[in-house]
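Novice: For my numbering, count along the sequence shown from 1 and bump the result up by 41. Positions of the beta carbon are idealized from the N, C-alpha and C atoms, including for glycine. Bear in mind that the values here come from a model prediction, so they are computed numbers and not experimental data. Below you will find the structure I want to go over with you.
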Amino acid sequence: MSGEDPSKVDTMPPVSVLGLFRFATKFELMLNFLGVIASTGAGGATPIMTLFLGNLIESFVNISQTKSLSASEAASFIEQFRQKATQDALNLVYLGIAMFLATYISVTIWTYTGEVIAKRIRESYFRAILHQDLSFFDDISAGEVAAQIEVDAHLVQQGISEKFALLGSNVGAFATGMIIAYIKSWRLALALTSMLPCLVIIGALMAILCSRCAQFVQASLSHLSKAGGIAQESLSTIRIIHAFGAEIKISTVYDQLIRLSQVSDLKLSKIQGVGMAIFSFVVYSSYSLSFYYGTTLIQQGRANAGTVVTVGLCILIGSFSLGIAGPNAQVVMRARDAAAQLYRVIDHTPMIDSRKENGQKLTSVQGEIVLKNIDFSYPSRRNVPVLKYLSLTFPAGKRSALVGHSGSGKSTIVGLLERFYDPDAGSVFLDGVDLCDLHIKWLRSQIGLVAQEPVLFAISVRENIEQGLLNTAHEHSSREIRWALVQDACIKAYAHDFIMLLPEGYDTMVGDGGFRLSGGQKQRIAIARAIVSDPRILLLDEATSALDTQSEGIVQAALNKASEGRTTITIAHRLSTVKDSDVIYVLSNGSLVESGTHEELLCDDHGAYTQLVRAQHLDQDDASVSQSLDIDAEETKGHTRTSFVNKDIDISNEEDLKSTLTHPSTDELDRAGRFTLAFKLASLIPHTRMIYVCGTFFGILGGLVHPGFGIVYAKALQTYQNTGSPDFRTQGDRNALWLFIIAICSTLSLAMHNVLFGKGAAILTTKLRLLAFQGLLHQEISFFDKDSNNPGVLTANLVGGPEKTNGFVAMTLGAVLQCISCCIGGSIIGLIFGWKLALVGIACMPPIVTLGLIRLQLVANKEKASKASHDESAQIACEAAVSIRTVAALTREDHTCSLYSDALKAPLRQSVKAGIVSNAIFAMSISVIVFVVALVFWYGSGLVTTGEYTTFQFYVVFMSTVFGSWNAANVFTSVPDITSAADAARDILKIMKTSKSNIVTNDEKAVSSRMFENVQGGVHFQDVSFCYPTRPEVSVLRGINLSIKPGAYTAFVGASGSGKSTIIQLIERFYEPTSGSIYFDENCLSALDVNEYRKHVALVSQESKLYSGTIRFNILLGSTGAMANISDEEIKRACSIANILDFIESLPNGFETEVGERGSQLSGGQKQRIAIARALIRNPKLLLLDEATSALDANSEVAVQEALNNAAKGRTTIAIAHKLATVQHADHIYFIKDGKVNEMGTHGQLMARRGGYWQFAKLQELEK
């Protein structure tokens, strides 16, 4: 499948049943073979019972003829009957014991192998994902990966574990019944076999329908995967979602996808429901045929009543087993479809496969890199050339630099050097060897990379830096040696001092994506990670971009020292960082326009490099500005993820959001029982109530078919006691007709209840997905600061939870209702016809129910214990997919796979341990039915022999209570489904309960609108102090007082981590101050409706966060109203101000161009300018710029800064900057240090003061 791209949504044929076990070892296959034998034997035990029942029936017929015998002969015959009945009852007990052992062995084996094989499938899928080339991730997001590894793998596990054992038991019962039937009476069995052609025809139709079902199942799973991508993308950029009030816009996109999944599920439910009903009709009709033809055989003397009963019961039990096999067969079918999705990725061989061990490993590396005649365009945009016949040489051991406008191809060269992509034409050489001929992991281990947007993993500081030692000589060095290397690298990267100030020092957990650290701190740790292994080649893609000016000077000196003796390639907009390079290459539109040293290039007054230098001078003191990024400790969680979005979205989900306001407390939910949870879920979707009411009615009707069948069956058996009666033929035909009518009723009820429950489940699951997603979007920002609520775990639970609920409320719930109604109906009928024997049968039901409830609790405890471990594995998978470039650059694939595999071991151990007791209880609850039959058989035969009961009474009570007990046992075959569904429902309701709904009443809206009638945009801080909720012991802001006048341009500058971005977050109301107050105009910020307030605020954050979809969609995401109401002129005006309009219109698809995963198809500067346009489309009164021009080249920066200056007119602007040229004309500048205002004034005033601000400015000088 190397030529197929699995990320494309194509329908795959379901894998074969054997294909589900392709990852099983020979030992596991041997166990499965034993499991098949055991499950078949367990299923075959039930038809074997009919042999004893047939003997009993024949004895009853003989008893009815004892009236013609003498008293002594009759007494002797009855005594023999009692002894034989006792022996048969004892034999049934032995059979029950054998059934218990067979069931326990089969379920234990299948549960164990299912867990192990599913673990191996997850590992293989995850390994395949990590080793795909980067082009694969242009079309699939981390959320989709999380969805597939959670939902699809779970479906496969269900299909190859105990459900498969139960299906084998059902098939075993049918096969054994047919064999016994042929042995007892081949004529009658052959007559009944006439139904097989009908079954074959129906089977063929079902096969066609199943292929159609496969399309629906895979379409549903595909839409769910894309919805998971949107969820992960949104949750990892939740601050942007909140800042732009985009919760409803994003949830509407999500809703569109899950409704597409619902359409597929609805079609699937109809096909499966009707198909199973038709199949059931043919099977049930065989009962009618058996009694019709059995009557004929008895008349002809070719069979007796016992034989006819045995054959009929064999067919009855076998077909009944097939009937209850429906839900299990559906699970296996869905497993085959899910496996097709997983195997498509597993079998896909990428063009650049880091798993391959072929390729050269050079004995020594000099480090000369040559690009020769390179042409390149990204796979997802083949019609847009990025590099054009480019040739460059990076001398060994020298420092080279790449500069140029945003989008000129600089970062693309880094991707080629790391072999993330291969050139379309031309070659890249390392020491004269084509990179395509080198071992990929060896090549990447020779390179230290610091990317523009640093990526840290949710582990400790020390562990993050040690990732740079993977696949190097020091990977397996002693802990002391690695510790020394880590410390040395941190000292060189100017990171040691701030690390030692962290709560746990080097052992401090950095959080998801490093959110507990500021941007500058993350960047310094990334630098330490890059240099810790002393690589021969160092790639610095804006390596110092997130450092404050003071730190930059020190780190730059350290990098200059670290680059000695190695090939260093630096990409920079801040030219002060590359002026000492041995050679500087100036790129423009993918081509080389100039090259030389800093001094040589400045000799040309009209050269491109000279123009870049001139653009970076400050007006005063000849200080210059360079690019920098600064984000405070909690600025962002994770990284932008991508998925499908529709460009035209209507916002109309307010009522759904209101429904999240009234839910029980989380404590109540923890205590809530499963039925309580079911009622609470049902209350969320009142319009489906009638669907479930009707479905329940037909489900109850279907359950009552079996007790009704027992009455007719008993009547038929009574008829066989009067074979000499003149109307024997008429009675036999009448009984057959009644059985045929019951077959019709059963078929109609089964079809209706399957279709209705399938429809209700599809609607309910869709609603739950949407409400859960909306609930997450409306959580407080502090909710996402907790390690347990990282985007990977949340996405996995969001996708997997409703799917588990769906598995129960569809087929399983319908089957449970049928079982319950059969149990109750059978008990009532038994009490009516013979209360003594009925009470014996009914008395057996509580132990069965008790066993089931005990198992229910055991499974629930196991699921609860393993959930944390599953969350850990989901977090690892999602984090790796989000950070795939960093994972590949660090050759971290195998290490990450090892972590993921270890995370899966805990739930496996817990499942195996819990299964020892749980499976024993399950086996007992299944086999106890045989003991019930034995007891009722023995006691009932005694009642008949004493004359207290007629044989008709015995037949009715026996059939009713036995079927009732059987169904009571079958209820608890769905224990795992019930438990998983209950836990998932509880989690969803908790999310909805704890969410912060921003919907207000109409009266509140009226009050709020009056407060915003005359917005000026003034901001005032009054003694504001702040600590992040997850770190209450660390004071970030300490008694801040400041006043920003309406329409003023105010700037905050200071060292990285000083609290600047925290001020922005407080203004955005992501958090509330620990103490003090913030005012917007004259109103206290905490008293304002946050939705209305944010309509007047726009944020351009430091790290540009775009979403997959079109450029148009990304810009319109910032609009305050419906996207459809924004004109093209307004969009173009915002883009023109952001200096991005010309670029967009130069693209073949213009505004409809897809930006790719995390905007991967755009350069950093292009993404940032689109983010600026997104902010300006709101026409805000308060504009927040957190390093808004940080990713722009010098020329673009000048143009955009001028545009922002123009945009600032008439509105309040607050800017955070390290690049002082961007704020030198500000009306007021605050210099923040250690969470306090250290200095304030204009640029000129602060320069004259020669304090901290002046020192920053002097450090940014660029000598000419």
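Helix, strand or coil: how does DSSP classify Gln1151 here?
Specialist: Counted from its first residue, the sequence shown places residue 1151 at position 1110. Note that residue 1151 corresponds to Thr in the displayed sequence, not to Gln. The answer is strand: DSSP assigns Thr1151 an E or B state.
Novice: Bridge partners of Met550, per DSSP?
Specialist: Here residue 550 refers to the residue found at position 509 when the sequence shown is read from its first residue. For Met550, which the question treats as bridged, DSSP gives the partners Ser501.
Novice: Taking DSSP's pairing of strands, which residues face Gln1063 in a bridge?
Specialist: By 1-based counting over the sequence shown, the position of residue 1063 is 1022. Note: Gln1063 sits in a beta bridge opposite Ser1118.
Novice: Measure the alpha-carbon distance for Ala613 versus Leu581 and round it to whole angstroms.
Specialist: As a position in the sequence shown, residue 613 is number 572, starting the count at 1. As a position in the sequence shown, residue 581 is number 540, starting the count at 1. Using only the alpha carbons, I get a separation of about 8 Å.
Novice: Reducing DSSP to helix, strand and coil, say where Phe332 ends up.
Specialist: Counting from 1 along the sequence shown, the entry for residue 332 is found at position 291. Note: Phe332 maps to helix in three-state DSSP.
Novice: Would you call the region 953-970 and the region 515-525 in contact, with 3 or more CB pairs under 8 Å?
Specialist: no
Novice: CB-CB under 6 Å to Pro55, same chain, minus the five flanking residues each way: which ones, in chain order?
Specialist: Taking the first residue of the sequence shown as position 1, residue 55 is located at position 14. Cβ within range, chain order: Ala255, Arg377, Asp378 and Ala381.
Novice: Is the beta carbon of Ala1089 closer than 8 Å to that of Thr1230?
Specialist: As a working mapping, residue 1230 is identified with position 1189 in the sequence shown. As a working mapping, residue 1089 is identified with position 1048 in the sequence shown. Result no, Cβ atoms of Thr1230 and Ala1089 do not sit closer than 8 Å.
Novice: Along the chain, where does the beta strand (DSSP E) that runs through Tyr430 open and close?
Specialist: Your numbering for residue 430 matches position 389 in the sequence shown. Its beta strand (DSSP E) spans residues Leu428 to Phe435.
Novice: Taking the alpha-carbon of Lys22 as reference, which of Ser501, Val627 and Ile291 has the nearest alpha-carbon?
Specialist: Here the chain has residues from 42 to 1305 only, and residue 22 is not among them.
Novice: Check for me: the alpha helix (DSSP H) holding Leu811 runs from which residue to which?
Specialist: Looking up residue 811 in the sequence shown gives position 770. Element bounds for Leu811: Phe769 to Leu818.
Novice: Beta carbon of Pro843, beta carbon of Cys919: below 8 Å?
Specialist: The residue you call residue 843 lines up with position 802 of the sequence shown. The residue you call residue 919 lines up with position 878 of the sequence shown. Cβ atoms of Pro843 and Cys919: not closer than 8 Å.
Novice: Short of 8 Å in beta carbon distance, which residues of its chain neighbour Ala96, apart from the five on each side in sequence? Order them along the chain.
Specialist: By one-based count along the sequence shown, residue 96 stands at place 55. Just to set this straight, residue 96 is Asn in the shown sequence, not Ala. So the qualifying residues of the chain are Lys125, Asp129 and Gly347.
Novice: Distance, Cα to Cα, Lys808 vs His794?
Specialist: By 1-based counting over the sequence shown, the position of residue 808 is 767. By 1-based counting over the sequence shown, the position of residue 794 is 753. Rounded to whole angstroms, Lys808 to His794 spans 21 Å at the Cα level.
Novice: Considering only DSSP beta bridges, list what Leu1226 is partnered with.
Specialist: On the sequence shown, residue 1226 is found 1185 positions in, with the first residue counted as 1. Answer is Val1141 and Ala1256, bridged to Leu1226.
Novice: Check this for me: beta carbons of Val73 and Phe62, under 8 Å apart or not?
Specialist: Here the question's residue 73 lines up with position 32 in the sequence shown. Here the question's residue 62 lines up with position 21 in the sequence shown. Here residue 73 turns out to be Asn, not Val, going by the sequence shown. Yes. Within cutoff.
Novice: Name the DSSP bridge partner or partners of Glu920?
Specialist: Position 879 of the sequence shown holds residue 920. Paired residues: none, contrary to the question.
Novice: Within the same chain, show all residues whose beta-carbon is closer than 7 Å to that of Gly841, passing over the 5 residues directly before and after it, in chain order.
Specialist: Position 800 of the sequence shown holds residue 841. Glu191, Val192 and His195, listed in sequence order.
Novice: Give the DSSP-derived three-state secondary structure of Glu45 in the structure shown.
Specialist: Here the question's residue 45 lines up with position 4 in the sequence shown. Caution is warranted here: a pLDDT of 39 is assigned to Glu45, below 50, making its placement in the model unreliable, and no coordinate value can be reported.
Novice: Please classify Thr609 as buried or exposed, where buried requires at least 16 other C-beta atoms within 10 Å of its C-beta.
Specialist: Residue numbering aside, residue 609 sits at position 568 when the sequence shown is read from its first letter. Here Thr609 is buried, its C-beta having at least 16 other C-beta atoms within 10 Å.
Novice: Pop quiz: Phe1004 and Gly867 are said to be a contact at Cβ under 8 Å. What is the actual Cβ separation, rounded to whole angstroms?
Specialist: Taking the sequence shown and counting its residues from 1, one reaches residue 1004 at position 963. Taking the sequence shown and counting its residues from 1, one reaches residue 867 at position 826. Rounded to whole angstroms, the Cβ separation of Phe1004 and Gly867 is 5 Å, and the two are in contact under 8 Å.
Novice: Tell me where the alpha helix (DSSP H) around His283 begins and ends.
Specialist: If you number the sequence shown from 1, residue 283 lands on position 242. Its alpha helix (DSSP H) spans residues Ile279 to Ala284.
Novice: For Gln401, name the three-state secondary structure that DSSP assigns.
Specialist: For the purposes of this step, residue 401 is taken as residue 360 along the sequence shown, with counting starting at 1. Note: Gln401 maps to strand in three-state DSSP.
Novice: Just to confirm, are Gly1205 and Ser447 a CB contact at a threshold of 8 Å?
Specialist: Stepping through the sequence shown from its first residue, residue 1205 is reached at position 1164. Stepping through the sequence shown from its first residue, residue 447 is reached at position 406. Their beta carbons are under 8 Å apart, which means Gly1205 touches Ser447 by this criterion.
Novice: Run through DSSP, which three-state label would Leu412 get?
Specialist: Within the sequence shown, residue 412 is the residue found at index 371, counting from 1. Leu412: strand per DSSP, three-state reduction.
Novice: Count the CB pairs spanning the region 547-564 and the region 496-503 that are closer than 8 Å, and state whether there are at least three.
Specialist: yes
Novice: Of all the options Val425, Pro727 and Gly751, which has the alpha carbon lying nearest to the alpha carbon of Gly801?
Specialist: Translated into the one-based positions of the sequence shown, residue 801 becomes position 760. For the residues Val425, Pro727 and Gly751, the minimum Cα distance to Gly801 belongs to Pro727.
Novice: Is it the case that the Cβ atoms of Ser1145 and Ala1212 are separated by a distance below 8 Å?
Specialist: Counted from its first residue, the sequence shown places residue 1145 at position 1104. Counted from its first residue, the sequence shown places residue 1212 at position 1171. Yes.
Novice: CB Arg570 to CB Asn505, shorter than 8 Å?
Specialist: Your numbering for residue 570 matches position 529 in the sequence shown. Your numbering for residue 505 matches position 464 in the sequence shown. Yes, the Cβ-Cβ distance between Arg570 and Asn505 is below 8 Å.
Novice: Taking the alpha carbon of Val386 as the point to measure from, which residue in Glu185, Asp538 and Gln759 has its own alpha carbon closest?
Specialist: On the sequence shown, residue 386 is found 345 positions in, with the first residue counted as 1. Per the Cα distances, Glu185.
Novice: If you follow the alpha helix (DSSP H) that Leu1300 is in, where does it begin and where does it stop?
Specialist: Counting from 1 along the sequence shown, the entry for residue 1300 is found at position 1259. Note, Leu1300: alpha helix (DSSP H), Gly1293 to Leu1300.
Novice: Got a sec? Which residues, its chain only, sit under 7 Å from Glu1170 by beta carbon, not counting five neighbours each side?
Specialist: Residue 1170 sits at position 1129 when you count from the first residue of the sequence shown. Closer than 7 Å at Cβ, skipping near neighbours: no residue.
Novice: Would you call the region 478-497 in contact with the region 391-401, where contact means no fewer than 3 C-beta pairs closer than 8 Å?
Specialist: yes
Novice: Answer yes or no: do Thr1035 and Gln815 have a C-beta to C-beta separation smaller than 8 Å?
Specialist: Residue 1035 sits at position 994 when you count from the first residue of the sequence shown. Residue 815 sits at position 774 when you count from the first residue of the sequence shown. Going by C-beta atoms, Thr1035 is not nearer than 8 Å to Gln815.
Novice: Pop quiz: Gly467 and Lys413 are said to be a contact at Cβ under 8 Å. What is the actual Cβ separation, rounded to whole angstroms?
Specialist: Mapped onto the sequence shown, residue 467 falls at position 426. Mapped onto the sequence shown, residue 413 falls at position 372. Confirmed, Cβ separation roughly 5 Å.
Novice: Can you tell me which of the three DSSP states Asn132 falls into?
Specialist: Here residue 132 corresponds to residue number 91 of the sequence shown, with the count starting at 1. DSSP places Asn132 in helix when its eight states are reduced to three.
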